[in-house]
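Chains as they are written, first to last, in our numbering: chain C, 1198 to 1270; chain U, 1198 to 1270; chain Y, 1198 to 1270; chain P, 1198 to 1270; chain A, 1198 to 1270; chain E, 1198 to 1270. Cβ atoms here follow ideal geometry from the backbone N, Cα and C, with glycine treated the same way. Step one of this worksheet: look at the structure below.
Right, dumping it as structure tokens:
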């Protein structure tokens, strides 16, 4: 029954996304004892110019080399 | 006032999407007596590699012909 | 597979909510040919002081009898 | 800590999006005394054929010149 | 930067929720190399009468003992 | 047409919430030239035990006095 929405910036590879879906599903199944077939995980990728932190877009923060303080990638 | 977010995998046609918007709006207007002009329905289409069920992407499940158990389409 | 989030203000009755869940599921099954058992509809009820239209809370608009212009209820 | 999701139809310019991110962050920082570095604003752009008002897509409403009643843009 | 929204029905214990937050954060940090301090996980608990599967509320499905087919809990 | 979902932890006062709704609506009207009557802002308040940062709940971080690094409130 659980529905998980994962919001990330664009750039994850197919295998990274597969690992997220698998890992989050496993967690919900193990921790909450949910049925995997009704556990859904959706990844929503957002452009870096559409994601703001500290009032500025991630795109801009990355251009200025300032994202290191906020996010490694 | 209602706001409805419909999450589906990509692939719906324009006329299918129009039917969803019309049908859901009619329901809210009829059941909850809402004003149609303030009833909003948004369809968010998600790539099949970004939607996971049972810990695997719909893309993979479809390639293996296993989605029949989970979803007809 | 579809996941629908219905945002409304608090106050719907149990039977109204049951009609919404049933009606929206039927629509998705009929229009998109989805499997009903993987079609999920979640209703999120929001307090009227937490929902704003035209820059003011629905609570306030209702107190002033102004919501008639925006929503019947 | 706040996370704000702004749903709009496609068409905003980069500078408009930057103004939204900056303005909403400033508001949260000033009104709620939140730390800007943990305040995130995400803009989700939706195609006009995927956004319905009054039971019809914004795309159709605009083609018929009827959106003026509902939204200036 | 990631923001994860976990939708579940009410009933999870504090320690279960702590395990979900910890596990999902670890996944995002390990798989996507994200900074943990900007990784946020929010759990939204929904009443069983507000969550529908197969066109009926989880509350009803559980009363009829039919949820076993859909979810273990 | 815009729909904005503001996720915050519980604890904001009525007047703070009114300021958020008013300020965000003004921004959307001014920056995107949207009609205020179709601009909706919804505030979703989340319990501190349901919001995780750095893999731990805000509730716990606050008890340990560690939230100062992450959020002022």
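Chain-ordered chain A contacts of residue i [CB-CB under 9 angstroms]
i, result
"residue 1250 (chain E)", "1218, 1222, 1233, 1234, 1235, 1236, 1237 and 1238"
Short CB-CB distance (under 8 angstroms) between residue i and chain Y
i, result
"residue 1242 (chain U)", "no"
Chain C contact for residue i (CB, 8 angstroms cutoff)
i, result
"residue 1253 (chain U)", "yes"
Below-8 angstroms beta-carbon distance, residue i vs any chain E residue
i, result
"residue 1202 (chain P)", "yes"
Cα-Cα separation, residue i to residue j
i, j, result
"residue 1253 (chain E)", "residue 1215 (chain A)", "7 angstroms"
"residue 1224 (chain U)", "residue 1230 (chain C)", "34 angstroms"
"residue 1204 (chain E)", "residue 1240 (chain P)", "14 angstroms"
"residue 1234 (chain A)", "residue 1211 (chain U)", "42 angstroms"
"residue 1226 (chain U)", "residue 1228 (chain Y)", "19 angstroms"
"residue 1145 (chain U)", "residue 1208 (chain U)", "No statement about residue 1145 (chain U) is possible, as the shown extent of chain U runs from 1198 to 1270 and does not include it."
"residue 1245 (chain A)", "residue 1213 (chain A)", "18 angstroms"
"residue 1259 (chain U)", "residue 1199 (chain Y)", "15 angstroms"
"residue 1217 (chain P)", "residue 1248 (chain C)", "11 angstroms"
"residue 1256 (chain A)", "residue 1206 (chain A)", "10 angstroms"
"residue 1219 (chain A)", "residue 1263 (chain Y)", "46 angstroms"
"residue 1232 (chain E)", "residue 1232 (chain C)", "45 angstroms"
"residue 1236 (chain P)", "residue 1236 (chain E)", "22 angstroms"
Under 7 angstroms from the C-beta of residue i: neighbouring residues of chain Y
i, result
"residue 1246 (chain A)", "1211 and 1214"
Min CB distance residue i to chain P below 8 angstroms
i, result
"residue 1207 (chain E)", "no"
"residue 1270 (chain U)", "Note that residue 1270 (chain U) scores a pLDDT of 45, beneath 50, so its modelled location is shaky and nothing firm can be said."
Presumed contact (8 angstroms Cβ cut-off) between residue i and residue j, rounded CB distance
i, j, result
"residue 1221 (chain A)", "residue 1221 (chain C)", "6 angstroms"
"residue 1201 (chain Y)", "residue 1243 (chain Y)", "Residue 1201 (chain Y) to residue 1243 (chain Y), Cβ: 16 angstroms. No contact."
is_contact[residue i, chain F] using C-beta, thresh 8 angstroms
i, result
"residue 1204 (chain E)", "Here the protein chains are C, U, Y, P, A and E, and chain F is not one of them."
Residue i CB to nearest heavy atom of the ligand GDP below 7 angstroms
i, result
"residue 1234 (chain E)", "As for the ligand GDP, it is missing from this structure, which has no ligand bound."
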